[in-house]
Structures are given as structure tokens and as C-alpha cells.
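Peer 1: Take a look at this one; I'll ask things after.
There are 2 protein chains.
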Amino acid sequence: MTASVSTAMPFSAPLSRNNKLVLDQLSQSDKPQSAYELLDSLRDEGLRAPPQIYRALKWLGDHGLVHKLESANAYIACVHASCCGGARCASSHTVFFLCDGCGGVEEVNGDALANDVNALGKTLGFAAHTTNIEVHGQCAACQTS
Amino acid sequence: MTASVSTAMPFSAPLSRNNKLVLDQLSQSDKPQSAYELLDSLRDEGLRAPPQIYRALKWLGDHGLVHKLESANAYIACVHASCCGGARCASSHTVFFLCDGCGGVEEVNGDALANDVNALGKTLGFAAHTTNIEVHGQCAACQTS
DNA sequence: CTTTAGTATGTTATAGTATAACAAGTCAAT
DNA sequence: ATTGACTTGTTATACTATAACATACTAAAG
């Protein structure tokens, strides 16, 4: 349920203090957290205003370390191992499975889907840049309970 | 660019006055509109407060007549012909291509992708309920300019 | 009728999400 | 020691969405 990323990044990334605080907080749960939840959690560390959180989220997002779940207005730390095999996934294709039961999120590599998406786009002459796929439903555990 | 749906629905749907106003306003553009843009547009028709808009959007969404674009916090009228062949698409799989250049949106049937998504989900034991796919990029027209 | 129940509407207030704009501190490289 | 790039702190405000309550319309049941 919990996993720590800390500072051991697979690539050089000079994490500033605020960026590290936010990333560590996100890494401590596989449940998405809203910007204001992060703010509450990090108040003791000296973060007091929304822009501090949003700036960190933007930097981390730009560097592929966190993802925004658009349908939940919440954020999660990127699990590199499953979403892009250890590489940065800033512009990669990921699929998010959001459990409406427990609130947990599974992040899965979606390169296989990317082909289909691009094929669809080509029929429109559309040049795809980023793709966001969010699936709502019930995780394995929540189906049995 | 503009298309009118008006009251000619392919199935019986008793559109209330407010629901019809919002649907017609959305149908007049292939660009997504925010709830507050809709509110501004419909003030002359007597709509003055956000709940009136959000209630209509919820009803229209529940009945498959409009979609929310999660990554844009905006709404579009469902184009039945392309997204689900004339049937209601409340729980169907649609793909949205959002042009970051002109702001236009293309809505495309994504049943082909649904299989892949469900297959991915099955490897996790995940029971998919609704899938939202939003692709950002450049439409054909905006690539040439 | 008129009562009731379900739906639709109107309205105020507030909660939740995100950014603009400005001020100031840090720190390495001239 | 000064510049310049980056990071941080802070206030105020904009944007998105819903809670809660009050009223009205309409069709069916009594």
C-alpha cells in the first residue's frame, strides 16, 4: 500500500525542498491526493499557501514524477516501474484504473493502446500529443467485499 | 462548425426548459463550453445561478446527451452519429480529440479501444465501469497554419 | 375537487480547485 | 560583489462545483 521513492531517482533530478516534500507525501500512498490535502499534510513543514503546492505539482508533472488524475482533480506519484519501465513518462501513454470503492489507483503502461489511439487520430488528421486514459470501476479487492 | 440538435432526439426524452436551453447552447458549437460560459450565454433566457446550469448538465450527462471533458472542465453536446451510431452513449466508450490550437473537439467512437482497456483491466482483476479517453494535440487545420 | 408525490425551478451561500502578481531569498558563476 | 537563474513566500483573486432551502408545476390517486 505504501511505497517510498524518496530521493533515489533513476535519473538526475535536482529536487528542491518543496518539490521533494510534495513528492514524498504523494509517494506515501497509492491513493490520489488533492492539492489542498497535500497542503494540509505539509503545513507542519512550512508550506502554507496553495501556490507552493501547485508550483511543486507543476514541476513534478513536467518532469514525469507525478500525474494528475483529471477526473478526480487529484495527484499521484508516478510508479515508473509499471507505467514506463523506469524511463520518464512525461509524454508517454499511461492508463489509470481508479477504484470507486476504496479510492485506490493502479497506473499501467498503455503503450499498446497508444497505437490504437494514434490510428484513430490519423483518420482525423489529428496529431496526438498527450493522451489521458482514466478508467473508473472496482478493483479486485472491492469486488469481493 | 455549428450544428443544431434542437428537439429532434432519436429517442424519447422529455427535455425540460432549462435542459433544452443548455443542450441547444452546447449544440451550437463544437468547442467545449464551461458551466459559467453557459451561464453567461443563457442569462438572457432567465438562468442566473450556477446550480441551474449544473443541474441541467447532470441530467443531460446522465442521459448521454452531453459529455464532460475532464481535462478541460468543460462540456460538449454528444454527437451521436460518430460516438455511438445513434444510440445513447451514457456508458459507451468515446474518445475525445482536443485541439490545443483552436480549442475544437472531435468525438469518436472508441469501442475498439474499449476491448484493449478491458483486457488491461482484467490483468488487474479490475472491473471497468466507465472509461474516459482524452487526447490533446493539433487538429488537421491547426497543423498547417 | 384536493391531496399527494414527483419533478423542475429559483436563490443564497459556501466549498473546493487553481492561478496572477508581487516581494524576497538563495546560490553559483562571473 | 554583482549578476542572473532559480526557488520561495505571500496576498489576493478567479474559476469550478455543490449544499441547503424555498417555491412552483403537474399528473395521478383518493
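So the protein sequences, as listed, match chains A and B.
Just so we're aligned: the first sequence equals residues 1 to 145 in the working numbering.
Just so we're aligned: the second sequence equals residues 146 to 290 in the working numbering.
Heads up, the beta-carbon is just placed ideally off N, CA and C, and yes, glycines get one too.
Bear in mind the structure is a predicted one, so any value in this text is a computation, not a measurement.
If CYS139/A sits next to GLY110/A, beta carbons under 8 Å apart, how far is it from one beta carbon to the other, in whole angstroms?
Peer 2: Between GLY110/A and CYS139/A the Cβ distance is about 18 Å, and since that is not below 8 Å, they are no contact.
Peer 1: Counting only runs of 4+ residues fully inside the region 33-87 of chain A, write out the alpha helix (DSSP H) ranges in chain order.
Peer 2: With a minimum length of 4 residues, the continuous alpha helix (DSSP H) runs that stay inside the region 33-87 of chain A are 35-41, 50-62, 80-84.
Peer 1: Thinking C-beta only, is VAL211/B closer than 8 Å to LEU168/B?
Peer 2: A contact, by the Cβ cut-off of 8 Å.
Peer 1: Would you mind stating whether ALA273/B and ASN263/B have Cβ atoms separated by less than 8 Å?
Peer 2: Yes, these two residues count as a Cβ contact at 8 Å.
Peer 1: If we cut at 8 Å on Cβ distances, does GLY103/A have a partner in chain B?
Peer 2: It does not: the Cβ of GLY103/A has no partner Cβ on chain B nearer than 8 Å.
Peer 1: Since I believe THR94/A is in contact with VAL108/A (beta carbons under 8 Å), could you give me their beta-carbon distance rounded to a whole number of angstroms?
Peer 2: 7 Å between Cβ atoms; contact.
Peer 1: How many Å lie between VAL224/B and THR289/B at the Cα?
Peer 2: The straight-line gap from Cα to Cα measures roughly 26 Å.
Peer 1: In chain order, what residues of the same chain lie with their CB nearer than 6 Å to the CB of GLY61/A, ignoring the 5 residues before and after it?
Peer 2: Closer than 6 Å at the Cβ level, and outside the excluded window around GLY61/A, lies no residue.
Peer 1: Does any residue of chain B bring its CB to less than 8 Å from the CB of LEU113/A?
Peer 2: Closer than 8 Å to some Cβ of chain B, the Cβ of LEU113/A qualifies, so yes.
Peer 1: Taking C-beta pairs closer than 8 Å, name the residues in chain B that SER71/A reaches, listed in chain order.
Peer 2: Within chain B, the residues near SER71/A are GLU215, ASN277.
Peer 1: Could you tell me how far apart the beta carbons of VAL105/A and GLY266/B are, in whole angstroms, since I believe they sit closer than 8 Å?
Peer 2: Incorrect: roughly 13 Å between the Cβ atoms, too far for contact.
Peer 1: Going along the chain, which residues of the region 27-47 of chain A sit with their C-beta nearer than 9 Å to a C-beta in chain B?
Peer 2: Within the region 27-47 of chain A, no residue qualifies.
Peer 1: Determine, for LEU120/A, whether the minimum Cβ-Cβ distance to residues of chain B falls below 8 Å.
Peer 2: Judged by the 8 Å Cβ criterion, LEU120/A is in contact with chain B.
Peer 1: Straight-line CA distance for GLY231/B to SER172/B?
Peer 2: Because GLY231/B sits at a pLDDT of 48, beneath the cut-off of 50, its placement in the model cannot be relied upon, and the point is left open.
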